[in-house]
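Novice:
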Amino acid sequence: TRVVVPITSVCPCSKEISDCGANNQRSHVTVTVRTNGLVWIEELIDMVEDEASCELYSLLKRADEKYVTEKAYNNPKFAEDIVRDIAIRLNEDARVVAYTVETENFESIHNHSAFACIRCDKEATN
Numbered sequence: 005t006r007v008v009v010p011i012t013s014v015c016p017c018s019k020e021i022s023d024c025g026a027n028n029q030r031s032h033v034t035v036t037v038r039t040n041g042l043v044w045i046e047e048l049i050d051m052v053e054d055e056a057s058c059e060l061y062s063l064l065k066r067a068d069e070k071y072v073t074e075k076a077y078n079n080p081k082f083a084e085d086i087v088r089d090i091a092i093r094l095n096e097d098a099r100v101v102a103y104t105v106e107t108e109n110f111e112s113i114h115n116h117s118a119f120a121c122i123r124c125d126k127e128a129t130n
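To convert a position in the sequence shown, counted from 1, into the working numbering, add 4.
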């Protein structure tokens, strides 16, 4: 099972050094799992969105925009943090026997993307 989830992320380093905001970017998180039981796609999507700086929305009113911006700003994460936090949750799920978690952060102030990946085969590590 494979799912690609769009999210937003805020750079912790940028937040730390800036007095007026922080570098944020859209990101795509790809989760591929091998399971020994039923895992709903929606469960994986919810897990990814829970571990993001903030989930993405296709349409927002001004008040909602404020909420999303502040939620992301108050939950900054590097690409590595996002995949690590998702991996922790997948490790705790007995239905998941192997996984790959990847993220590509489409940087807003750099001319490159940030990428992170974690792979685990629980059966091979036992």
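Note that beta-carbon positions come from the ideal geometry of N, C-alpha and C, so glycine has one too.
Could you tell me which of I86, I113 and A67 sits nearest to D54, measuring between CA atoms?
Specialist: The residue with the shortest Cα to Cα distance from D54 is I86.
Novice: Compute the Euclidean distance between the alpha carbons of I116 and G41, then round it to the nearest angstrom.
Specialist: The question names Ile, yet the displayed sequence has His at residue 116. When rounded, the distance between both Cα atoms is 38 Å.
Novice: Measuring straight from C-alpha to C-alpha, what distance separates A120 and A67?
Specialist: Whole-angstrom Cα-Cα distance: 32 Å.
Novice: Is the beta carbon of V101 closer than 7 Å to that of E59?
Specialist: Not closer than 7 Å, so no.
Novice: Run through DSSP, which three-state label would D23 get?
Specialist: Three-state result, D23: coil.
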